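Heads up: the protein sequence lines correspond to chains A and B, in order. Residue numbers for the first sequence, in UniProt numbering: 1 to 265. Residue numbers for the second sequence, in UniProt numbering: 1 to 259.
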Amino acid sequence: MENLLEIDNLTFSRSGRIIYDDISLRIVKGKTTAIMGPSGIGKTTMLRLMGGQLKPDSGDIRFRGESIQSMKRNRLFTVRRQMSMLFQSGALFTDMTVFDNIAFPLREHTKLSESVIKTLVLLKLQAVGLRGAAQLMPAELSGGMARRAALARAIALDPELIMYDEPFAGQDPISMGVLVKLIKALNDALQLTSVVVTHDVTEVLTIADYIYILAEKKVIGSGTPEQIKQSDSPLVQQFLKGQADGPVPFHYPSDDIEHTFLGAK
Amino acid sequence: MQWLASIGRNTIDTVGAFGRAFLMLLGAVIAKPQLIKNTPLTIKQIYVVGVQSLLIIVVSGLFIGMVMALQGYTILVGYGAEGSLGPMVALSLLRELGPVVTALLFAGRAGSALTAEIGLMKATEQLSSLEMMAVDPLRRIVAPRLWAGIISMPMLAIIFSAVGILGGHVVGVDWLGVDAGSYWSIMQSSVDWNEDVVNGIIKTFVFAFVITWIAIFKGYDAIPTSEGISKATTETVVFSSLAVLGLDFILTALMFGIE
């Protein structure tokens, strides 16, 4: 199987705090790879590293064999035309209609006529079920609709790689179901390579071909959904079962409680 | 030792901020010009930062001109020199009040709005999404706003001075009875095009550049939280106002300083 994106021995720190310590990942072409882990471990940071918005302290990130962090700005921008990212907030431009938001990358990067752009945008909107909302402003959309509109924008240029940042966060069950169905359908129809960063276990197990679980700055488990479910790692099991305490402690590190209160006397 | 460490930390932060501000400016200004794409964006921003600031500029200019005429008249009439009211109003506005008050109002009205807008674009990941769509936010967001500020503010300052002179006429001539002929003719003979008008316009270009740069940088560099954007917006107004007042002294000394 061909890898579209390869990460080798990645170390990344921010403000003196190590986020990733020597981790390696493979994103296989045409497959959906999920990156899971507890909140605050830097899953979004991983997407930003993949997209070249952040540079690692050491290690290598390669897109189609080409090192992302060594690229000049112009080359990086060219490569980014084959990538796309669905942001957690949707990140729609608030001063444009939904139609103009989806037309934006087409107008920026192609010389297509307005009539062709109109056709393409309406087709993308039809794919996410929002053709009727083309003339609405982002502020008029619900959270789920905004994310679907952002998804339509993300696939506007037919990218090779699409990165989803917490696509299911804060969604009601219906919106979540719609998004799961859409991601799966679009991946199959467009033969996309997808990276889904999330902590929604149930949803991701249904759409992912391969899963990485990150915690404590490392990859603590990886495999197909079946392999992950049967993992004997207590950390993986705590995460999958949503247990409040375990290897990932309930309490933020602090002094011993007796010491704190006796000391206060 | 704490205070020494604090001074060191603040110095490093300040130098770092200057460095980031220069890099942002270079990225926005020294780039291949995209006239077809950027001209409509710049015109839109001229409307937002310039046209939408007109009301406050016109009203302020009118009242400042009227107050100056009133104050000037009460002093000048004691010396029988009320005929000099015209040049007094015109020179004060063209040399100082026009550029400086317009700059302070521009910082409060347009500068704060620019910072808040760009800061919120950052907080809502719109700037990141532009980057991921291979669109450079420095060209798409920063450059049009920078040019719009530099183009708009000098025009606003000229309008401010013109309206102020008319306000002075309303109070001095129409209300207090100063001779209209002497108001205009002494003004005409006293105001020098290069020394007064052009120097005033040069000042407004400098102020416009500094205010817009500060405003955009503060938004671009803001911590993307509600508290961070609020702080950045406040800093835009405070730093811009201080920069304008400080630069005004330097420019005045250079332009009108006694040799």
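Beta carbons are placed, not taken as given, at the ideal position from N, Cα and C, and that holds for glycine. All figures in this text were calculated on a predicted structure; none of them were measured in a lab.
Would you mind telling me which residues of chain A sit closer than 7 angstroms to residue i, beta carbon to beta carbon, in chain order?
| i | result |
| --- | --- |
| E131(B) | Q53 |
| S189(B) | Correct list: empty, because the minimum Cβ distance to chain A is about 50 angstroms. |
Mind listing the chain B neighbours of residue i? Cutoff is C-beta to C-beta under 8 angstroms, in chain order.
| i | result |
| --- | --- |
| E160(A) | Those do not exist, as E160(A) stays about 13 angstroms from chain B at its closest Cβ, beyond 8 angstroms. |
| F12(A) | Ordered by position in chain B, no residue passes the 8 angstroms Cβ test against F12(A), which lies about 17 angstroms from the chain. |
| H199(A) | The premise fails here: H199(A) is roughly 19 angstroms from chain B at the closest Cβ pair, so nothing lies under 8 angstroms. |
| S84(A) | M132, M133 |
| F63(A) | None at all; the shortest Cβ gap to chain B is about 13 angstroms. |
Please list, in chain order, the chain B residues whose beta carbon lies closer than 7 angstroms to that of residue i.
| i | result |
| --- | --- |
| S89(A) | T124, E125 |
| P167(A) | Going along chain B, no residue has its Cβ under 7 angstroms from P167(A), so there is no contact; the nearest lies around 14 angstroms. |
| residue 273(A) | In the structure as shown, chain A starts at 1 and stops at 265, and residue 273(A) therefore has no counterpart that could be examined. |
| P56(A) | Chain B residues near P56(A): none, gap ~17 angstroms exceeds 7 angstroms. |
What are the start and end residues of the beta strand (DSSP E) that includes residue i?
| i | result |
| --- | --- |
| F63(A) | 58–63 |
| L86(A) | 83–86 |
| A34(A) | 32–36 |
| V28(A) | 17–28 |
| S194(A) | 193–198 |
| S112(B) | S112(B) -> not in any beta strand (DSSP E); alpha helix (DSSP H) instead, spanning 112–123. |
| Y164(A) | 161–165 |
| F12(A) | 3–14 |
Which residue's Cα is closest to the Cα of residue i: the options?
| i | options | result |
| --- | --- | --- |
| V197(A) | S70(A), K29(A), R48(A) | R48(A) |
| I228(A) | K241(A), G90(A), E216(A) | K241(A) |
| A113(B) | F217(B), L245(B), V244(B), V178(B) | F217(B) |
| V48(B) | N101(A), D188(A), D95(A), D255(A) | D95(A) |
| Q34(B) | G119(B), G8(B), R140(B) | R140(B) |
| N194(B) | A28(B), L166(B), L94(B) | L94(B) |
| L54(B) | F106(B), G172(B), M121(B), S241(B) | F106(B) |
| K122(B) | L138(B), G111(B), G108(B) | L138(B) |
| I202(B) | G50(B), S189(B), H169(B), L254(B) | L254(B) |
| E2(A) | R73(A), S89(A), F63(A), G59(A) | F63(A) |
| S67(A) | E6(A), L151(A), K43(A) | E6(A) |
| L120(A) | Q69(A), R153(A), G52(A) | R153(A) |
| S58(A) | S84(A), D21(A), G129(A) | D21(A) |
| P138(A) | G170(A), E108(A), T97(A) | T97(A) |
Of all Cβ atoms in chain B, is any one closer than 7 angstroms to the Cβ of residue i?
| i | result |
| --- | --- |
| R17(A) | no |
| E66(A) | no |
| P234(A) | no |
| R131(A) | no |
| F77(A) | yes |
| R81(A) | yes |
| E108(A) | yes |
| P225(A) | no |
| P138(A) | no |
Run through chain A and tell me which residues come within less than 9 angstroms of residue i, C-beta to C-beta.
| i | result |
| --- | --- |
| S112(B) | Result: empty, since nearest Cβ-Cβ is about 18 angstroms, beyond 9 angstroms. |
Please compile the residues from chain A whose C-beta is within a distance smaller than 8 angstroms of the C-beta of residue i.
| i | result |
| --- | --- |
| S226(B) | Result: empty, since nearest Cβ-Cβ is about 14 angstroms, beyond 8 angstroms. |
Taking the alpha helix (DSSP H) that residue i belongs to, which residues open and close that run?
| i | result |
| --- | --- |
| T225(B) | Premise fails: T225(B) is in no alpha helix (DSSP H) and is neither H nor E. |
| F99(A) | 98–109 |
| K217(A) | Unbroken run through K217(A): none, as it is neither H nor E. |
| T45(A) | 43–50 |
| V236(A) | 234–241 |
| I117(A) | 114–127 |
| W184(B) | 180–190 |
| Q2(B) | 2–29 |
| Q135(A) | Careful: Q135(A) lies outside any alpha helix (DSSP H) and carries neither H nor E. |
| A169(A) | No alpha helix (DSSP H) contains A169(A), which DSSP labels as neither H nor E. |
Can you name the residues of chain B whose CB is closer than 9 angstroms to the CB of residue i?
| i | result |
| --- | --- |
| P105(A) | M133, A134, V135 |
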